[in-house]
Every structure is written in C-alpha cells, then in structure tokens.
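Colleague:
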C-alpha cells in the first residue's frame, strides 16, 4: 500500500499562547530596563514583529527536515530574469534555462524536504511521490531564494524535471565559499546527502514555457 508523508501538523493556538506567556514573563522580569515611552513606540513598529517571527522560524528550520515557504512569484519575467533576480552568480546552460518548466500561480507554497542520504534522480522522483509532492518549478524555487538570499547558505536546495527528450535537468541554489550561486543544466547523476528539495503539492498545475 502506498504511504504518503504529509507536511507537518501546524502549530496550535495553545503553543502560540505559551510563547506569548514566556515573552511577557521575560519582559516583566526586565521591566526596569524598558522605558514606557520607547516601548510604546515599539508597539507600532512592525519590523519588531518581523524580527521575532524570523528568529522563531530560523530555530524551527534548524530542527526539522521539512520547511514551508509561501512566496509571491513574478510570472511575467523571462526564465533568465527570474534567476538573475536572486542576485546570485549564474552557472547555467542557456538551452536548459530557456525551457524551464513554469507554473501559473502568482503565489505559491513551496515545501522543502531533506532526505539525508544520496539519491539518484529516479529515486528522488519516488521521494517526492512518497510525500505527496511534485518538483517545484524553478520560478517558485527562485522566488524563495530571492525573498531570502541567505536561505540557500544553510539549506542548499534543488529541483529537477525532464526535458522533451527525457533527460533529467535541475536548478540548484547553494553557496561556494563566499559566492552565492545558482546552477541550471542537465543532470542525471546522484544528489548528495546535504541537498534540500523544493516541491509543491500535486494539486498545483504546471506547464512548460520558453523564455520571452
């Protein structure tokens, strides 16, 4: 019987409440260090909430083997423009880039998972199936890495597809020393154990598109 591994169960209201209680307790403990007028200003600073959220998410990412990112995707860009927008150095085969698969949604939920062992391209297909996912299109994957340039520093990530001739192709985002890179080309070898893989739920539709 086929087994599907679904994405993790979301955090609960009770867990949110406990986190709020702990933050409140810490603030009260140091109340003498927190001027009321400055604190009032902070209440209107949304970047403070962003910082807290980022700190929580970073710690969650470090403890799990599945990460979910919801991103806006600019589908009006050409294939090459989508890659350049990440600000990374490009190591690409133009003919493969030109025919990268392209989904249709302007907002996408990209699910990254880590297997933790070497897998062939055909084995990776089965790992996607096991999780009820299919490979994310490079546009959505690039949007995640554009929104969070440091993501691939700790989570080198890839996706794969087959071209019209049945050859495996891939898009990979990683860091080599101080250089942030994106590579796109044909690939039919073995994925090493450190890679995270970008997927979307199977209900997401995709279609092939050429660069404009």
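Residue numbers (the numbering used here): 67 to 278. Note that beta-carbon positions come from the ideal geometry of N, C-alpha and C, so glycine has one too.
1. Taking the beta carbon of residue 113 as the centre, do at least 16 other beta carbons fall within 10 Å, making it buried, or is it exposed?
2. Straight-line CA distance for residue 181 to residue 190?
3. Take residue 108 and list the residues in its own chain whose beta-carbon comes closer than 6 Å to its own, dropping the five residues that flank it on each side.
4. What would DSSP say about residue 107, mapped onto helix, strand or coil?
5. Pick out whichever of 257, 170 and 210 has its Cα sitting closest to the Cα of residue 153.
6. Answer with buried or exposed for residue 99, where buried requires no fewer than 16 other C-beta atoms within 10 angstroms of its C-beta.
7. With DSSP as the reference, identify every bridge partner of residue 80, one or two as the case may be.
8. So what's residue 277 in DSSP terms, helix, strand or just coil?
9. Please return the same chain residues whose Cβ sits closer than 7 Å to the Cβ of residue 184, not counting the five positions on each side in sequence.
10. Between the Cα of residue 221 and the Cα atoms of 104, 229 and 134, which residue gives the shortest distance?
11. Three Cβ pairs or more, each shorter than 8 Å: is that satisfied between the segment 236-245 and the segment 170-181?
12. Return yes when the Cβ of residue 187 is within less than 9 Å of the Cβ of residue 234, no when it is not.
13. Say whether chain B places a C-beta atom closer than 9 Å to the C-beta of residue 207.
14. Helix, strand or coil for residue 272 per DSSP?
15. DSSP three-state label for residue 150, please.
16. Just the Cα atoms here: how many angstroms apart are residue 82 and residue 144?
17. Would you mind sorting residue 140 into buried or exposed? The rule is 16 or more other CB atoms within 10 Å of its CB.
18. Expressed to the nearest angstrom, what Euclidean distance is found between the alpha-carbon atoms of residue 213 and residue 117?
19. Hey, out of 165, 137 and 219, whose CA is closest to residue 231's CA?
20. I'd like the span of the alpha helix (DSSP H) that includes residue 194, first residue to last.
21. How many angstroms separate the CA atom of residue 208 from the CA atom of residue 197?
22. Using the Cβ count rule (16 or more neighbours within 10 Å means buried), how would you classify residue 40?
Modeller: Reading off the structure:
1. Counting from one through the chain shown, the residue named residue 113 turns up at place 47. Label assigned to residue 113: exposed.
2. By 1-based counting over the chain shown, the position of residue 181 is 115. By 1-based counting over the chain shown, the position of residue 190 is 124. When rounded, the distance between both Cα atoms is 9 Å.
3. Here residue 108 corresponds to residue number 42 of the chain shown, with the count starting at 1. Non-local C-beta neighbours of residue 108 in its own chain, meaning closer than 6 Å and more than five positions away in sequence, comprise 114, ordered along the chain.
4. Mapped onto the chain shown, residue 107 falls at position 41. If DSSP states are grouped into helix, strand and coil, residue 107 belongs with the helices.
5. For the purposes of this step, residue 153 is taken as the residue at position 87 of the chain shown. By alpha-carbon distance to residue 153, the top candidate from 257, 170 and 210 is 210.
6. Residue 99 sits at position 33 when you count from the first residue of the chain shown. It counts as exposed.
7. Counting from one through the chain shown, the residue named residue 80 turns up at place 14. Answer is none; residue 80 lacks a bridge partner.
8. Your numbering for residue 277 matches position 211 in the chain shown. Because residue 277 sits at a pLDDT of 41, beneath the cut-off of 50, its placement in the model cannot be relied upon, and the following sentence gives the value as read from the coordinates. Note: residue 277 maps to coil in three-state DSSP.
9. By 1-based counting over the chain shown, the position of residue 184 is 118. These residues qualify, in order along the chain: 256, 257, 258 and 259.
10. Residue mapping note: residue 221 aligns to position 155 of the chain shown, counting from 1. With distances taken between CA atoms, residue 221 lies nearest to 134 out of 104, 229 and 134.
11. In short, these stretches do not touch, since the Cβ pair count stays below three.
12. Reading the chain shown from its first residue, position 168 is the one you call residue 234. Reading the chain shown from its first residue, position 121 is the one you call residue 187. Cβ atoms of residue 234 and residue 187: closer than 9 Å.
13. No chain B is present in this structure, which holds just one protein chain.
14. Residue mapping note: residue 272 aligns to position 206 of the chain shown, counting from 1. Residue confidence is low: residue 272 scores 43 on pLDDT, short of 50, so the model does not pin down where it sits. No coordinate-derived value is stated.
15. Locating residue 150 in the chain shown gives position 84, counting from the first residue. Three-state result, residue 150: helix.
16. For the purposes of this step, residue 82 is identified with residue 16 of the chain shown, where counting begins at 1. For the purposes of this step, residue 144 is identified with residue 78 of the chain shown, where counting begins at 1. Distance from the CA atom of residue 82 to the CA atom of residue 144, rounded to whole angstroms, is 41 Å.
17. For the purposes of this step, residue 140 is identified with residue 74 of the chain shown, where counting begins at 1. With fewer than 16 Cβ atoms within 10 Å of its Cβ, residue 140 is classed as exposed.
18. As a first step, residue 213 must be located in the chain shown, where it is residue number 147. As a first step, residue 117 must be located in the chain shown, where it is residue number 51. Distance between the alpha carbons of residue 213 and residue 117 is about 15 Å.
19. By 1-based counting over the chain shown, the position of residue 231 is 165. Closest in alpha carbon position to residue 231, among 165, 137 and 219, is 165.
20. Here residue 194 refers to the residue found at position 128 when the chain shown is read from its first residue. Counted as a single uninterrupted DSSP element, the alpha helix (DSSP H) harbouring residue 194 occupies residues 187-196.
21. Position 142 of the chain shown holds residue 208. Position 131 of the chain shown holds residue 197. Distance between the alpha carbons of residue 208 and residue 197: 21 Å.
22. Because the chain here runs from 67 to 278, residue 40 falls outside it and cannot be looked at.
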